[in-house]
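Asker: Counting in my numbering, the sequence shown runs without a single skipped number right up to 559 at its last residue.
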Amino acid sequence: MEQVLIATRNIGKAAEFKQFFSRYNIQALSMMDLEQNLPDVEETGDTFEENAALKAEEISAKLGLPVLSDDSGLVIDALNGEPGVYSARYAGEVKNDEANIAKVLKNLQGVPKPERTARFVCVIALATPGKETIFRKGYCEGHIANEKRGVNGFGYDPIFIPEDCEKTMAELTAEEKNKISHRTRAIQQFDKWIKGYKKEQI
Numbered sequence: 358m359e360q361v362l363i364a365t366r367n368i369g370k371a372a373e374f375k376q377f378f379s380r381y382n383i384q385a386l387s388m389m390d391l392e393q394n395l396p397d398v399e400e401t402g403d404t405f406e407e408n409a410a411l412k413a414e415e416i417s418a419k420l421g422l423p424v425l426s427d428d429s430g431l432v433i434d435a436l437n438g439e440p441g442v443y444s445a446r447y448a449g450e451v452k453n454d455e456a457n458i459a460k461v462l463k464n465l466q467g468v469p470k471p472e473r474t475a476r477f478v479c480v481i482a483l484a485t486p487g488k489e490t491i492f493r494k495g496y497c498e499g500h501i502a503n504e505k506r507g508v509n510g511f512g513y514d515p516i517f518i519p520e521d522c523e524k525t526m527a528e529l530t531a532e533e534k535n536k537i538s539h540r541t542r543a544i545q546q547f548d549k550w551i552k553g554y555k556k557e558q559i
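Here it is as structure tokens:
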């Protein structure tokens, strides 16, 4: 695997994965680097694993390349796992962070702090033609605040307080958040796998 495609058009995410793969002398491309404009893969899965695999496997089959995709979201115990795979569009088909946060806070009205436990989940899928898809997961445990706090980050960051922390994700610096984020922890798990993979190639 000397080249891998990252199934994203998010500049920040693409840069993060490109930096990660560079340490292994693997060239990482993003959807923005392709000459052909592939349509977005519809995320119709019921789990983060299914959605990550859908994107990775469909694009890998079309291009004949190893393709990495990730899917992530917020899981709240008191809401039976919601918003889960629907995190980006929890309040409607049009993605709206403010509306999503408002819906979560409304649904948690009256729920005491000990029962507001939640976690961010990130699943990475690596699909390679002719091989079984590889999955790695990362979690960031915490609980949901009673109100929004902070202006950094995006999504549900203003209402998510990580474990052993008094600040919301949106009150942390980018450096502080990246040390504990679910995506960072998923990448760390993937790092262990790829080190083993590279040893096998030697």
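We treat Cβ as the ideally placed atom computed from N, Cα and C, and that holds for glycine.
Q466: which of Y447, V432, L436, S417 sits nearest, CA to CA?
Answerer: Here residue 466 corresponds to residue number 109 of the sequence shown, with the count starting at 1. Nearest of Y447, V432, L436, S417 to Q466, Cα basis: L436.
Asker: L420 and A364: beta carbons closer than 8 Å?
Answerer: As a working note, residue 420 is residue 63 in the sequence shown. As a working note, residue 364 is residue 7 in the sequence shown. Contact: no.
Asker: Among residues of its own chain, excluding the 5 on either side of I481, which ones have a beta-carbon nearer than 6 Å to its beta-carbon?
Answerer: The sequence position of residue 481 within the sequence shown is 124, counting from 1. Closer than 6 Å at the Cβ level, and outside the excluded window around I481, lie D427, R493, A543, F547.
Asker: Taking all protein chains shown into account, decide if L391 is buried (16 or more other Cβ within 10 angstroms of its Cβ) or exposed.
Answerer: Locating residue 391 in the sequence shown gives position 34, where the first residue counts as 1. By the neighbour-count rule (16 or more Cβ atoms within 10 Å), L391 is not buried but exposed.
Asker: Looking at chain E, is there any beta carbon in it that lies within less than 8 Å of the beta carbon of S387?
Answerer: Of the chains in the structure shown, none is chain E; there is only one protein chain.
Asker: Taking only the alpha-carbon atoms, compute the straight-line gap between P581 and G430 and give it to the nearest angstrom.
Answerer: Absent from the model: residue 581. The displayed extent of the chain is 358 to 559, so no value can be given.
Asker: Assuming K460 contacts A475 under a Cβ cut-off of 8 Å, what Cβ separation, rounded to an integer in Å, is found between them?
Answerer: Locating residue 460 in the sequence shown gives position 103, where the first residue counts as 1. Locating residue 475 in the sequence shown gives position 118, where the first residue counts as 1. That pair is no contact at about 14 Å.
Asker: Less than 6 Å between C-beta atoms, sequence neighbours within five positions excluded: which residues of the same chain meet that for A385?
Answerer: As a position in the sequence shown, residue 385 is number 28, starting the count at 1. Same-chain partners within the cutoff: V361, I363, F374, K375, F378.
Asker: Assuming A531 contacts R506 (C-beta within less than 8 Å), just tell me the rounded distance between them.
Answerer: By 1-based counting over the sequence shown, the position of residue 531 is 174. By 1-based counting over the sequence shown, the position of residue 506 is 149. The Cβ separation is near 17 Å, so there is no contact.
Asker: Please report the distance separating the alpha-carbon of P469 from that of I501.
Answerer: Locating residue 469 in the sequence shown gives position 112, where the first residue counts as 1. Locating residue 501 in the sequence shown gives position 144, where the first residue counts as 1. Computed Cα separation, rounded: 10 Å.
Asker: What number of angstroms, rounded off, separates the C-alpha of P440 from the C-alpha of S538?
Answerer: As a position in the sequence shown, residue 440 is number 83, starting the count at 1. As a position in the sequence shown, residue 538 is number 181, starting the count at 1. Their Cα atoms are separated by approximately 18 Å.
Asker: Decide if Y513 is buried, meaning its Cβ has at least 16 other Cβ atoms within 10 Å, or exposed.
Answerer: Here the question's residue 513 lines up with position 156 in the sequence shown. Its Cβ being crowded by 16 or more others within 10 Å, Y513 is buried.
Asker: Would you say T490 and A418 are within 8 Å of each other, going by their C-beta atoms?
Answerer: Taking the first residue of the sequence shown as position 1, residue 490 is located at position 133. Taking the first residue of the sequence shown as position 1, residue 418 is located at position 61. Cβ distance not < 8 Å, so T490 and A418 don't count as in contact.
Asker: Please give the ranges of any alpha helix (DSSP H) in the stretch 384-450, keeping only runs that are unbroken, at least 4 residues long and fully inside the region.
Answerer: Counting whole runs of 4 or more residues, the stretch 384-450 contains the alpha helix (DSSP H) stretches 405-420.
Asker: If you drop the 5 nearest sequence neighbours on each side, which residues of the same chain put their C-beta closer than 8 Å to that of D454?
Answerer: Counting from 1 along the sequence shown, the entry for residue 454 is found at position 97. Same-chain partners within the cutoff: F511, G512, Y513.
Asker: So, is P515 buried or exposed, given that buried needs 16 or more other C-beta atoms within 10 angstroms?
Answerer: The sequence position of residue 515 within the sequence shown is 158, counting from 1. Burial call: buried.
Asker: From P471, F517, R380, G487, pick the residue whose C-alpha is nearest to that of I458; which is it?
Answerer: By 1-based counting over the sequence shown, the position of residue 458 is 101. Comparing Cα positions, the closest option is F517.
Asker: For R304, which residues in the same chain have their Cβ closer than 7 Å to its Cβ, ignoring the five residues on either side in sequence?
Answerer: This structure cannot settle anything about residue 304, because the visible part of the chain is limited to 358 through 559.
Asker: Work out the CA separation of V508 and E523 for me, nearest whole Å.
Answerer: Residue 523 sits at position 166 when you count from the first residue of the sequence shown. Residue 508 sits at position 151 when you count from the first residue of the sequence shown. Approximately 15 Å, taken between the alpha carbons.
Asker: What whole-angstrom Cβ distance do L483 and A413 have, given they're in contact under 8 Å?
Answerer: Locating residue 483 in the sequence shown gives position 126, where the first residue counts as 1. Locating residue 413 in the sequence shown gives position 56, where the first residue counts as 1. That pair is a contact at about 7 Å.
Asker: Using DSSP with H/G/I as helix, E/B as strand and the rest coil, what is V461?
Answerer: One-based indexing of the sequence shown puts residue 461 at position 104. The answer is helix: DSSP assigns V461 an H, G or I state.
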